[in-house]
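K.L.:
Dropping a structure here in structure tokens format, bear with me for questions.
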Amino acid sequence: MPYRQGGDGIVVNTQFFPLAWVLFFVKPKIAVDGQETPVSGWGRTHLPARPGQHHVHVHVPYFLPPKLGPADVTVDVRPGQVAELEYKAPMWAFSAGSLGVGPQKYNGVGITLAVVAIPFALLFLVILLTIVMAAI
């Protein structure tokens, strides 16, 4: 677990895929040991925490599902140090988020690509079939 000097605590760096522009309008929710902490927005959030093990939960409030990208991790905070975590919201709304020591990956990439690519492939096949039928 990467640590840096400078007091006890946890830093969570929250991120989302830039093309998921709707997430610009909502803020992630972060809870440490079941206590939700105020978050000013996406990016780095410093959470004071005493030395020891802590349960960290992150999700994004959303329409459907109501909790987009839930992710949990247990982190060990050492005396006088800050534990660094990274959270990435998923690309597919029904996938879990990624939370842990960075770098993290975006979950739901495969299903997102399939949902986008399949309609284009079907459209291409319809156009191709139309051209072939017109040539006959």
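Our numbering numbers the first residue of the sequence shown as 60 and each following residue consecutively.
Idealized CB from N, CA, C, for every residue including glycine.
#1: On the three-state DSSP scale, how would you describe F177?
#2: Identify whether V81 lies in helix, strand or coil by the three-state DSSP scheme.
#3: Going straight from the alpha carbon of V115 to that of D92, what length do you get?
#4: What does DSSP give as the partner residue(s) for A130 in the beta ladder?
#5: Check whether the region 105 to 115 and the region 67 to 74 are in contact - that is, three or more C-beta pairs closer than 8 Å.
#6: Would you list the one or two residues that DSSP bridges to R103?
P.N.:
By the coordinates alone:
#1: The question names Phe, yet the displayed sequence has Ile at residue 177. Three-state result, I177: helix.
#2: helix
#3: 6 Å
#4: V117
#5: yes
#6: N72
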